[in-house]
């Protein structure tokens, strides 16, 4: 690990000012950052510990949604009864990720900003445009079965690893931030992540020193919620594919549907195509398959991950079948 | 459950706060220690030490550490508490599990300096004058190990699983997350999935935990 100066911050605005300096990083749970620092993939010279900042708590908003402090741990968020009753897919998604130990440390803000688990991002003997822009992408011709099939180009096919963020994307979460100059802004979660483009090393629209303060969930949309995850092991494994779905329906037809996928893109992938296909569709396997076909129509496999395209369609079908209680 | 949590602090919270206040006063306005360049020089790095008060198994310790020191290395290499094991050192195996403020964490993925004022329990702190902790006794009785390397982490994790369950926390194995979960074997297995046993003693580990759960019920 490269040496760094450690600061435990007790004031939000000075934390942002310090973190805006070159080679500075916020640290909260540290479960991903410290791992990357050990490998010298992350090499901050200043580490700003934000754990003492007043960014905890889960409270109801005036619109009857929830405001989740950035430092709320994944465990606390998944166990919160307001979340379990009104946003069960968020609890399910968080509990589908990592282990009990990691969820006790991992925070809401940090989970959103965790880095990809693409093996070539971690393997410093291999080229990686995300780690070293311009060096190439070893995953393209490599063991890429965990990599993305949608929304990526040949310079980086890394997948975003979060489960929590997939549920939050289906819920239209908003990210509230504070910048180093004191400015605050609200970013829709779908606008948080940057497409890899020519700078896959820059993963979000956050500026240096900009701190996630909280995540706001609007009131839950009508309908039943589900998070379905497919992975190599029964527990403690990253998603091959996951689906967050919220579906309102009458006896025969879908009234309103929200669909987000995990494991298939550089960000949690909200599928407007699946949603519009489902709107008004009958509660049949045919409709669910049509939604899957629409969602994956622009997908492209890179060899080892070709299976994700049919797997994503089938996972969507299974999730929709279960959430609507149809066959 | 966590017996050390009832004990008075050896290093007072005030002392820790005082240290913290001095540190933060130095930290920000016009602090010359803050790095302006992208890296620290070797000379800067060697002078870059921090003092941290740690509360471990009811005893206070003050350590002067390189801030890179993980909590795991502080325990093993600086305090001689080698009961906590280093397996993968990247949060995948759970051998380094310790209990911090009543919650289990991977001590390999956190910095010691981040735990000033926290109450830590390690495997060394579980037994008391009356004998083994019930979870330790259950592991012995059920032969819930082979080589034993993962066992301290398994036991710390299992104790925290019971705390989490008593607090009503759901798991991925809980069919309805809004319900009160019941600690079935499937629930125990899911909740313990962050602790790997290379000898695959899982059936007996689950049995040992189940024994303690059932003992708590009676």
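Residue numbers (my numbering), protein chains in the order written: chain R, 1 to 327; chain H, 1001 to 1218.
Using N, Cα and C, we set each Cβ at its ideal position, and we do this for glycine too.
Item to complete: Within the region 24-102 of chain R, note down every full beta strand (DSSP E) run reaching 3 residues or more, in order along the chain.
Response: For the region 24-102 of chain R, the continuous beta strand (DSSP E) assignments of 3+ residues that do not extend past its boundaries occur at 24-27, 46-49, 58-60 and 66-69, in sequence order.
Discussion item. Can you confirm whether the region 187-204 of chain R touches the region 55-72 of chain R when touching is taken to mean that 3 or more C-beta pairs between the two stretches lie within less than 8 angstroms?
Written reply: no
Worksheet entry | Of the listed residues R:26, R:225 and R:53, nearest to residue 87 (chain R) (C-alpha basis) | Mapped onto the first chain, residue 87 (chain R) falls at position 87. Nearest C-alpha to residue 87 (chain R): R:225.
Worksheet item: Which word fits residue 202 (chain R), buried or exposed, when buried means at least 16 other C-beta atoms lie within 10 angstroms of its C-beta?
Response: Working through the first chain from its first residue, we reach residue 202 (chain R) at position 202. With fewer than 16 other Cβ atoms within 10 Å, it is exposed.
Worksheet item: Of all the CB atoms in chain R, is at least one closer than 7 angstroms to the CB of residue 1103 (chain H)?
Response: If you number the second chain from 1, residue 1103 (chain H) lands on position 103. Residue 1103 (chain H) counts as touching chain R.
Discussion item. Within 8 angstroms, do at least three Cβ pairs link the region 254-271 of chain R to the region 158-170 of chain R?
Written reply: yes
Fill in: Residues, ordered as in the chain, of the region 67-94 of chain R that lie near chain H by beta-carbon distance below 8 angstroms
75, 78, 79, 81, 84, 85, 88, 91 and 92
Worksheet entry | residue 1204 (chain H) versus residue 97 (chain R): straight-line alpha-carbon distance, rounded | Within the second chain, residue 1204 (chain H) is the residue found at index 204, counting from 1. Within the first chain, residue 97 (chain R) is the residue found at index 97, counting from 1. About 25 angstroms.
Worksheet entry | Buried or exposed by the 16-neighbour rule on C-beta atoms within 10 Å, applied to residue 1143 (chain H) | Residue mapping note: residue 1143 (chain H) aligns to position 143 of the second chain, counting from 1. Looking at its Cβ environment, which holds fewer than 16 other Cβ atoms inside 10 Å, residue 1143 (chain H) is exposed.
Worksheet item: Roughly how far, in whole angstroms, is the beta-carbon of residue 140 (chain R) from the beta-carbon of residue 302 (chain R), given that I think they are within contact range, below 8 angstroms?
Response: For this step, residue 140 (chain R) is matched to residue 140 along the first chain. For this step, residue 302 (chain R) is matched to residue 302 along the first chain. Sure, about 6 angstroms apart at Cβ, within 8 angstroms.
Discussion item. By the 9 angstroms beta-carbon criterion, what residues does the region 1111-1145 of chain H contribute toward chain R?
Written reply: 1111, 1113, 1114 and 1116
Discussion item. Against chain R, which members of the region 1156-1171 of chain H pass a CB distance test of less than 8 angstroms?
Written reply: 1157, 1160, 1161, 1164, 1167, 1168, 1169, 1170 and 1171
Item to complete: For the alpha helix (DSSP H) holding residue 1161 (chain H), just list the boundary residues, first then last.
Response: Walking along the second chain from the start, residue 1161 (chain H) turns up at place 161. Here the alpha helix (DSSP H) through residue 1161 (chain H) covers 1151-1166.
Worksheet entry | Limits of the alpha helix (DSSP H) - the one that residue 328 (chain R) falls within | Chain R is shown only over 1 to 327; residue 328 (chain R) falls outside these bounds and no answer can be derived.
Worksheet item: Should residue 1125 (chain H) be labelled buried (16 or more other beta-carbon atoms within 10 Å of its own) or exposed?
Response: Mapped onto the second chain, residue 1125 (chain H) falls at position 125. Residue 1125 (chain H) is buried by the Cβ-count criterion.
Worksheet item: Is residue 173 (chain R) buried or exposed, if buried means 16 or more other CB atoms sit within 10 Å of its CB?
Response: Position 173 of the first chain, counted from the first residue, corresponds to residue 173 (chain R). It counts as buried.
Fill in: Same chain, Cβ closer than 8 angstroms to residue 1169 (chain H), neighbours up to 5 away in sequence not counted
If you number the second chain from 1, residue 1169 (chain H) lands on position 169. Excluding residues within five positions, the ones whose Cβ falls inside 8 angstroms are 1181.
Worksheet entry | According to DSSP, residues forming a beta bridge with residue 247 (chain R) | Sequence index remark: in the first chain, residue 247 (chain R) carries index 247 (1-based). Partner(s): R:224 and R:257.
Discussion item. For a cutoff of 7 angstroms on Cβ pairs, would you count residue 104 (chain R) as touching chain H?
Written reply: Looking up residue 104 (chain R) in the first chain gives position 104. Answer yes: the Cβ-Cβ gap between residue 104 (chain R) and chain H drops below 7 angstroms somewhere.
Worksheet item: Which residues in the same chain as residue 33 (chain R) place their Cβ atom closer than 7 angstroms to its Cβ, once the five residues preceding and following it in sequence are excluded?
Response: What you label residue 33 (chain R) is simply residue 33 of the first chain in a count that begins at 1. Hits under 7 angstroms: 25, 27 and 42.
Fill in: Between the CA atoms of residue 1079 (chain H) and residue 5 (chain R) - distance to the nearest angstrom
To locate residue 5 (chain R), count along the first chain from 1; it is residue 5. To locate residue 1079 (chain H), count along the second chain from 1; it is residue 79. If you draw a straight line from the Cα of residue 5 (chain R) to the Cα of residue 1079 (chain H), it comes to about 23 angstroms.
Worksheet item: In the structure shown, what three-state DSSP assignment does residue 1029 (chain H) receive?
Response: The residue you call residue 1029 (chain H) lines up with position 29 of the second chain. Residue confidence is low: residue 1029 (chain H) scores 34 on pLDDT, short of 50, so the model does not pin down where it sits. Its coordinate-derived value is still stated next. Here residue 1029 (chain H) sits in coil by DSSP.
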